[in-house]
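As structure tokens, the structure follows; a few thoughts come after it.
In mature numbering (1 follows the signal peptide of the UniProt record, and there is no 0), the protein residues as written are -22 to -1, 1 to 447.
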């Protein structure tokens, strides 16, 4: 009976004990300026804590215990200069926060629900460990870290839940040296994905990423010309016509000039695009200029079509047949120690293919004759007859430059006459072309797969013959 009584007591007491166990909530407070004194915090009016600030930092973290069913709903902080506070429980996948901007009231403030988001940042090539800074004013100031030999980095962050309805997001980054990056933003609550283009504010000259909500029917349209032709143009209004393969659609587009390179871009809902024919009409003929490349990229999947063999059947009208991309690897050897931003023009007779913005970074240990690799794209099959490297500032000293793919490798030498024309442009002409040797391992694998397929077919035929008999 005594044992039974103890068991009965435990049966009623233990559930209550576990139910009233405190949950730990992570607290992060960030001030706009470095803070020296300690921070006094009151959560929900009855939970007190002090945070010391020994390193004069902007952000401080601590943990606070709350009973299981209790959620953060109010906060009082001293001192109450401009700050942002986020209180998160990762087990519950819940977060609450508030942003206090000047003038900050200094009284108890109500917390609201915040939602998890992620950045995905991709770059053209893999360096050593590299840091990328992103701001989403006024809530987010993040450092995204690329691990060595990685081309992709992810970073999670929190925003007020009312921002779930945003159709467009503006991200600030650090200038020319973010040219070789591609950013996607995802709302983890709604699964909404945003794709970004890199623009330049014409008044402040501050670069930023403009990110728009996308789906699998949305494509990024890019028209590229030459800097001397577009001059001070920052907006381009055109009619894009896509037809072929059961598609005939018209799209009125207002394209914006990308930061630092002679390309205009905008998103359009096109649908199931393939190797269609596209036509571009300038809305205002007097504003027309020659287009050298058209690239259309699926904003969600990254599928790319483009063309460089562009016809001009009439004034202010351009047309071409979209083709799949051919990927090349550009190999540059240089002892240049400073970062330099540039873009590449691949010459194919009278045609040109333009890369996105690229950045040279000398991160090798010995510091001399460093080699960097960049991935470029062409869309036509014409023979490569030259290379142009367009630098945004001072050109780097190039010791060796090559261009190769699975079928061929080109070696180049500098054209001496190009040095006097444009201080930011280096032109190269082919020195020799070498056919790439087939990869022995891949060749053996193909033979093995072929023999296995043949053996399977023969076995299948034998089984059929035997079953008939």
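For each residue, glycine too, the CB sits at the ideal point set by N, CA and C.
Would you mind sorting residue i into buried or exposed? The rule is 16 or more other CB atoms within 10 Å of its CB.
{"i": "residue 258", "result": "buried"}
{"i": "residue 57", "result": "exposed"}
{"i": "residue 135", "result": "buried"}
{"i": "residue 368", "result": "buried"}
{"i": "residue 43", "result": "exposed"}
{"i": "residue 438", "result": "exposed"}
{"i": "residue 332", "result": "buried"}
{"i": "residue 124", "result": "buried"}
{"i": "residue 280", "result": "exposed"}
{"i": "residue 201", "result": "buried"}
{"i": "residue 116", "result": "exposed"}
{"i": "residue 237", "result": "buried"}
{"i": "residue 158", "result": "buried"}
{"i": "residue 357", "result": "buried"}
{"i": "residue 271", "result": "buried"}
{"i": "residue 319", "result": "buried"}
{"i": "residue 251", "result": "buried"}
{"i": "residue 176", "result": "buried"}
{"i": "residue 156", "result": "buried"}
{"i": "residue 339", "result": "buried"}
{"i": "residue 185", "result": "buried"}
{"i": "residue 405", "result": "buried"}
{"i": "residue 274", "result": "buried"}
{"i": "residue 328", "result": "exposed"}
Tell me the residue span of the alpha helix (DSSP H) that contains residue i.
{"i": "residue 206", "result": "205 to 208"}
Excluding the 5 residues preceding and the 5 following residue i in the sequence, name in chain order all residues of the same chain whose CB lies nearer than 8 Å to its CB.
{"i": "residue 375", "result": "312, 313, 314"}
{"i": "residue 28", "result": "16, 17, 18, 19"}
{"i": "residue 95", "result": "134, 135, 136, 137, 163, 164, 165, 166"}
Would you check if the distance between the CB atom of residue i and the CB atom of residue j is smaller than 8 Å?
{"i": "residue 3", "j": "residue 50", "result": "yes"}
{"i": "residue 102", "j": "residue 353", "result": "yes"}
{"i": "residue 302", "j": "residue 321", "result": "no"}
{"i": "residue 52", "j": "residue 19", "result": "no"}
{"i": "residue 97", "j": "residue 163", "result": "yes"}
{"i": "residue 47", "j": "residue 86", "result": "no"}
{"i": "residue 330", "j": "residue 286", "result": "yes"}
{"i": "residue 362", "j": "residue 310", "result": "no"}
{"i": "residue 253", "j": "residue 300", "result": "yes"}
{"i": "residue 355", "j": "residue 392", "result": "no"}
{"i": "residue 323", "j": "residue 382", "result": "no"}
{"i": "residue 220", "j": "residue 227", "result": "yes"}
{"i": "residue 64", "j": "residue 6", "result": "yes"}
{"i": "residue 195", "j": "residue 247", "result": "yes"}
{"i": "residue 307", "j": "residue 264", "result": "no"}
Take residue i and list the residues in its own chain whose beta-carbon comes closer than 6 Å to its own, dropping the five residues that flank it on each side.
{"i": "residue 276", "result": "197"}
{"i": "residue 235", "result": "212, 242"}
{"i": "residue 8", "result": "36, 37, 62"}
{"i": "residue 296", "result": "258, 269, 288, 290"}
{"i": "residue 114", "result": "149"}
{"i": "residue 66", "result": "4, 73"}
{"i": "residue 410", "result": "389"}
{"i": "residue 364", "result": "325, 407"}
{"i": "residue 119", "result": "113"}
{"i": "residue 173", "result": "162, 192, 277"}
{"i": "residue 170", "result": "191"}
{"i": "residue 282", "result": "275, 303"}
What does a CB cutoff of less than 7 Å around residue i pick up in its chain, not counting 5 residues either side in sequence?
{"i": "residue 121", "result": "109, 111"}
{"i": "residue 205", "result": "240"}
{"i": "residue 59", "result": "9, 82"}
{"i": "residue 193", "result": "278"}
{"i": "residue 267", "result": "203, 207, 208"}
{"i": "residue 154", "result": "238, 319, 370"}
{"i": "residue 30", "result": "16"}
{"i": "residue 298", "result": "256, 272, 285, 287, 288, 289"}
Could you give the first and the last residue of the continuous beta strand (DSSP E) run that contains residue i?
{"i": "residue 221", "result": "213 to 222"}
{"i": "residue 91", "result": "90 to 101"}
{"i": "residue 228", "result": "225 to 235"}
{"i": "residue 187", "result": "185 to 192"}
{"i": "residue 164", "result": "159 to 165"}
{"i": "residue 20", "result": "17 to 21"}
{"i": "residue 364", "result": "364 to 369"}
{"i": "residue 80", "result": "Counting along the chain, residue 80 falls outside any beta strand (DSSP E), and DSSP gives it neither H nor E."}
{"i": "residue 119", "result": "118 to 124"}
{"i": "residue 311", "result": "304 to 312"}
{"i": "residue 138", "result": "130 to 138"}
{"i": "residue 508", "result": "Because the chain is modelled from -22 through 447, residue 508 falls outside the range shown and cannot be assessed."}
{"i": "residue 51", "result": "It is not in any beta strand (DSSP E) - residue 51 carries neither H nor E in the DSSP assignment."}
{"i": "residue 147", "result": "146 to 150"}
{"i": "residue 297", "result": "295 to 299"}
Do residue i and the ligand PLP come close, with the Cβ less than 7 Å from some heavy atom?
{"i": "residue 189", "result": "Absent from the structure shown: the ligand PLP. Ligands present: none."}
To test your reading of the DSSP string, which unbroken beta strand (DSSP E) runs of 3 or more residues are found completely within the region 241 to 291?
241 to 247, 255 to 260, 271 to 276, 282 to 285
- Item | Segments assigned alpha helix (DSSP H), at least 4 residues, entirely inside the region 314 to 358 | none
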